[in-house]
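Q:
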Amino acid sequence: MVQDILKLQQKSAVLEPSPKDREDLMREVYRHSAEYLNNIGELPAYDIEKPISIPNTFDRIYSIKEVLKLIEQNIDRIGINPASPGHLGYIPGGGIYASALGDYLADISNKYAGLRYASPGAVVMENHLIDWTRKLINYPITALGNLTSGGSIANLIAIITARDARAISGEKINKSVIYLSGQTHHCIQKAIRIAGLNDCPIRYVGIDDQFRMDPVHLRKLVKQDIQNGAQPFMVIASCGSTDTGAVDQFDEIGFIAEEYNLWYHIDAAYGGYFMLCDPLKNIFKGIERSDSIVLDPHKTLFLPYGSGLVIIREGDKIHHSFKHTANYLQDVINDDSNISPADLSPELTKHFRGLRMWLPLMLYGQEVFSACLEEKHLLTKYFHQEIQKLGFEVGPLPQLSVAIYRYVPKEGDPNEFNTRLTKAIQQDGRIYISSTSINDIYWLRIAVVCFRTHLSNIQLYLSILKEKVSVLANTP
Ligand SMILES: *Cc1c(COP(=O)(O)O)cnc(C)c1O
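Once you know that position 402 of the sequence shown is 477 in the numbering used here, the rest is easy, because the numbers rise by one and skip nothing.
Structure, rendered in C-alpha cells:
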C-alpha cells in the first residue's frame, strides 16, 4: 500500500509547482493580462460574431500558452466587455487591478473567512469594511452585515431577515402586504419567492415624473390595506433604480414606514456608494431610517464581480435568521460576542472576498473612489446636456449616473426608430449601450459605471449617435 501511496503522490505532484514553474506560469499570466489591459481602449465594448470553441474533456494537457490563447479567443474577445471604457450598457463595470491582486492573495493563503475562529484577521478585515459602509449610511453601531457574492443574495438575506423579524409565516403570509414600485429590481421579486413569501400581496406604488416612488400613493395604499383587514409588512425603496437611476425619497417613505410599522428595506445595490460624494449627499437624506440596506461594491466601488453587501440596522435580527450550530463545529466558540460571517448568511465556506475591497481602499484611500464616482455623475449630466443639442428627447436630469434618451424622428414610429438605433450602435461595437421600455416607450439608456469611462468616451459616443441618427433618418 505504501508503494501505491507514493506512486499517487508522485503523480499529483504537479499541483505544487516548483518555484521556477510558478514563476513561469505567473510570467505568462502576467503577460496575457498586461496585453489585455494595455489594449483595453481599442478592444470593442461589444463583440458577439464569433463561434465559441472551448474543450469539454480533460484527458489531454495543455501548455499555459495554449490555455491563455483559448481564453483570449473564447472569452476575452466575445460578448460584452465590462472592463472596456466603452461599456455603458449595464451597471456593473470595471474590475480594478488592485482587487485582482487582492483575490490572488486571498486565494494563495485560502484563509477560511466564514468563521471567526478559523481566521480572526480575515473576519475582522471584512467587519471593518462592513463597518465603514455602516458609518457611511449612518446606521447605529448595533447594526450587523455580511459581504455577499452580490446584490441579489444580499437582498435575499434582508428579506429573509424581515420575514423572521416580523414572524411572517403560515396564515399570516396571505395578509402581509409588500410595497414595491415599478422600478424595483427584479431580484427583489425573486427573493420574495425564494423566501417563501410568494403569497404575500404585492402592491405597486405609483412613481413620479422622476421615476421615484410616490409617498402619497404609498400612504394611500397602506391605509386602504388596513381598512380591508390586511397587514402592511414591508416597503422596498430603490437607491438608484436600474432603469433610470432614480433615488427614492427616503425621508418621506421613512415617516410612513415608522407610522405604520413597516419593515423598511432599501435596495442601494447601484446607488449606495455615491454617498461617498459630498455634493450628492442631499439626495440620500433619510436613508438611515431604513431597517435594512443592500450595496454592491462590484458596481460602484468598481470591484470585480462577486461583491455585494447587506446591513441590518438591528443586528440581532440577521443573527437570529442565519446563526447555525453543527456537531462537527463544536470547537467553534459561538457566543454572541464572536459572531462569524457564517452566522449572518446562508454561506458557510466562502471566498475571502474582503481582501479585494480592502486592498484598493488601503492603497488609494476612499477619496479616489468619491472622485471617480463624482466624475461618472458629471459625465452623465454632461451627456444629458449634449444629447439634447443633437435633437434627442431626454428623461429626467440624472440623479446618479444613468440617463435615458430617445430620438423622435420627423416621421415613423419612434419606438421602431430607436430599436434600430440601438442595433446600429451595438453592431458598431465601439460603445455598448442598452435600452429599456417604460410605459410602452422605448428609451436608450447609458449607465456610466466603469471606472475607465472618461470624457473622451462620452464624446466618442455622442459622435457615434450623431452619425447613426443621420444614417437611419435617411434610410427607410
Ligand atoms: C444590480 C442590482 C441588483 C442585483 O444585484 P447583483 O449584484 O446583480 O446580484 C439589485 N438591485 C439593483 C438596484 C441593482 O442595480
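All residues carry an ideal CB built from backbone N, CA and C; glycine is no exception.
Please list, in chain order, all residues of the same chain as Gly168 whose beta carbon is under 7 Å from its beta carbon, the five residues on each side excluded.
A: Residue mapping note: residue 168 aligns to position 93 of the sequence shown, counting from 1. Closer than 7 Å at the Cβ level, and outside the excluded window around Gly168, lie Pro157, His162, Val524 and Cys525.
Q: Is the beta carbon of Tyr348 within less than 7 Å of some heavy atom of ligand 1?
A: As a first step, residue 348 must be located in the sequence shown, where it is residue number 273. Every heavy atom of ligand 1 is 7 Å or more from the Cβ of Tyr348, so no.
Q: Any chance the CB of Ile513 is under 7 Å from a heavy atom of ligand 1?
A: Start at 1 with the first residue of the sequence shown, and residue 513 comes out as number 438. No, since every heavy atom of ligand 1 falls outside the 7 Å radius drawn around the Cβ of Ile513.
Q: Flag Ala233 as yes when its Cβ comes closer than 7 Å to any non-hydrogen atom of ligand 1, and as no otherwise.
A: Taking the sequence shown and counting its residues from 1, the one referred to as residue 233 is at position 158. Taking the Cβ of Ala233 as the reference point, every heavy atom of ligand 1 lies at 7 Å or farther away.
Q: To the nearest whole angstrom, what separates the beta carbons of Met43 and Ile253, a pair I think is in contact under 8 Å?
A: Limits of the chain in this structure are 76 at one end and 551 at the other, which puts residue 43 out of reach.
Q: Any heavy atom of ligand 1 closer than 7 Å to the CB of Asn221?
A: To locate residue 221, count along the sequence shown from 1; it is residue 146. The nearest non-hydrogen atom of ligand 1 is 7 Å or more from the C-beta of Asn221.
Q: Which value, in whole angstroms, describes the spacing of the CA atoms of Tyr507 and Glu327?
A: Taking the first residue of the sequence shown as 1, we reach residue 507 at position 432. Taking the first residue of the sequence shown as 1, we reach residue 327 at position 252. Cα to Cα, the separation comes out at about 36 Å.
Q: Can you tell me the Cα-Cα spacing of Leu496 and Glu422, whole angstroms?
A: Locating residue 496 in the sequence shown gives position 421, where the first residue counts as 1. Locating residue 422 in the sequence shown gives position 347, where the first residue counts as 1. Cα to Cα, the separation comes out at about 44 Å.
Q: Are at least three pairs of beta-carbons, each pair with one atom in the region 381–388 and one in the region 218–237, less than 8 Å apart?
A: yes
Q: Would you tell me roughly how many angstroms separate the C-alpha atoms of Met432 and Pro372, rounded to the nearest one?
A: In the sequence shown, counting from the first residue as 1, residue 432 sits at position 357. In the sequence shown, counting from the first residue as 1, residue 372 sits at position 297. Distance between the alpha carbons of Met432 and Pro372 is about 8 Å.
Q: Could you pull out every residue in the same chain whose Cβ sits closer than 7 Å to the Cβ of Ala343, ignoring the five residues on either side in sequence?
A: On the sequence shown, residue 343 is found 268 positions in, with the first residue counted as 1. So the qualifying residues of the chain are Cys314, Gly315, Ile368, Val369 and Leu370.
Q: Would you identify the three-state DSSP class for Tyr348, choosing helix, strand or coil?
A: In the sequence shown, the residue the question calls residue 348 occupies position 273. It is helical.
Q: Count the C-beta pairs between the region 430–449 and the region 341–355 that are closer than 8 Å, then say yes if the count reaches three, no if not.
A: yes
Q: So, at 7 Å on beta carbons, what are the nonlocal neighbours of Ser420 in its own chain, with the 5 sequence-adjacent residues on each side left out?
A: Translated into positions along the sequence shown, residue 420 becomes position 345. Hits under 7 Å: Asn221, Thr223, Ile232 and Phe397.
Q: Should the region 455–470 be called in touch with the region 535–551, which here means at least 3 C-beta pairs below 8 Å?
A: yes
Q: Run through DSSP, which three-state label would Glu334 get?
A: Mapped onto the sequence shown, residue 334 falls at position 259. Helix at Glu334.
Q: Going by the beta-carbon positions, is the gap between Ile166 and Thr317 smaller than 8 Å?
A: As a working note, residue 166 is residue 91 in the sequence shown. As a working note, residue 317 is residue 242 in the sequence shown. Against a cut-off of 8 Å, the Cβ pair of Thr317 and Ile166 comes out as a contact.
Q: Apart from the five residues just before and just after Ile479, which ones in its own chain have a Cβ nearer than 6 Å to its Cβ?
A: What you label residue 479 is simply residue 404 of the sequence shown in a count that begins at 1. Same-chain partners within the cutoff: Thr319, Gly470, Trp518 and Arg520.
Q: Relative to the C-alpha of Val544, which residue among Ser510, Arg505 and Ala499 is closest?
A: Here residue 544 refers to the residue found at position 469 of the sequence shown. Nearest of Ser510, Arg505 and Ala499 to Val544, Cα basis: Ala499.
Q: Would the beta-carbon of Val312 be found less than 7 Å away from any heavy atom of ligand 1?
A: As a working mapping, residue 312 is identified with position 237 in the sequence shown. For clarity, residue 312 is Ala in the given sequence; the question names Val instead. Answer for Ala312: no, Cβ out of range of ligand 1.
Q: Pick helix, strand or coil for Leu419, following the three-state DSSP scheme.
A: The residue you call residue 419 lines up with position 344 of the sequence shown. Leu419 falls in the coil class under three-state DSSP.
Q: Would you check if there are 3 or more beta carbon pairs closer than 8 Å linking the region 356–364 to the region 180–193?
A: no
Q: For Leu454, which of Ala197, Ile80, Asp182 and Pro473 has the nearest alpha-carbon?
A: Residue numbering aside, residue 454 sits at position 379 when the sequence shown is read from its first letter. Nearest C-alpha to Leu454: Pro473.
Q: If you follow the beta strand (DSSP E) that Leu370 is part of, which residue opens it and which one closes it?
A: Numbered from its first residue, the sequence shown carries residue 370 at position 295. Segment Ser367 to Leu370, the beta strand (DSSP E) holding Leu370.
Q: Does the Cβ-Cβ distance between Asn490 and Tyr482 come in under 8 Å?
A: For this step, residue 490 is matched to residue 415 along the sequence shown. For this step, residue 482 is matched to residue 407 along the sequence shown. Not closer than 8 Å, so no.
Q: Determine the DSSP secondary structure at Leu169, reduced to helix, strand or coil.
A: Here residue 169 refers to the residue found at position 94 of the sequence shown. According to the sequence provided, residue 169 is Gly. The question's Leu does not apply to it. Of the three classes helix, strand and coil, the one that applies to Gly169 here is coil, per DSSP.
Q: Out of Ser531, Ile212 and Gln285, which has the shortest C-alpha to C-alpha gap to Cys352?
A: Residue mapping note: residue 352 aligns to position 277 of the sequence shown, counting from 1. Selected option, being the one with the closest Cα: Ile212.
Q: Is Leu100 closer than 8 Å to Ile139 when the C-beta atoms are compared?
A: Locating residue 139 in the sequence shown gives position 64, counting from the first residue. Locating residue 100 in the sequence shown gives position 25, counting from the first residue. Yes, the Cβ-Cβ distance between Ile139 and Leu100 is below 8 Å.
Q: Can Lys374 be considered in contact with ligand 1, in the sense that its beta carbon sits closer than 7 Å to one or more heavy atoms?
A: By one-based count along the sequence shown, residue 374 stands at place 299. Answer for Lys374: yes, Cβ within range of ligand 1.
Q: If you count every other CB in all the chains shown that lies within 10 Å of the CB of Gly177, and 16 or more means buried, which is it?
A: Counting from 1 along the sequence shown, the entry for residue 177 is found at position 102. Result: buried.
Q: Return the residue from the list His395, Ala401 and Gly487 that minimises the CA-CA distance to Leu219.
A: Reading the sequence shown from its first residue, position 144 is the one you call residue 219. Checking every option, the nearest Cα to that of Leu219 belongs to His395.
Q: Return the first residue and the last residue of the alpha helix (DSSP H) that Ser128 is part of.
A: Numbered from 1 along the sequence shown, position 53 holds the residue referred to as residue 128. Neither: Ser128 is in no alpha helix (DSSP H) and is coded neither H nor E.
Q: Cα-Cα, which of Pro119, Tyr137 and Glu147 is closest to Arg106?
A: Position 31 of the sequence shown, counted from the first residue, corresponds to residue 106. It is Glu147.
Q: Check for me: the beta strand (DSSP E) holding Thr511 runs from which residue to which?
A: Locating residue 511 in the sequence shown gives position 436, where the first residue counts as 1. Per DSSP, Thr511 belongs to the beta strand (DSSP E) from Ser509 to Ile513.
Q: Verify the contact flag: Gly383, CB atom, against every heavy atom of ligand 1, threshold strictly below 7 Å.
A: Your numbering for residue 383 matches position 308 in the sequence shown. For ligand 1, at least one heavy atom lies less than 7 Å from the Cβ of Gly383.
Q: Which of helix, strand or coil does DSSP assign to Glu468?
A: Locating residue 468 in the sequence shown gives position 393, counting from the first residue. The answer is strand: DSSP assigns Glu468 an E or B state.
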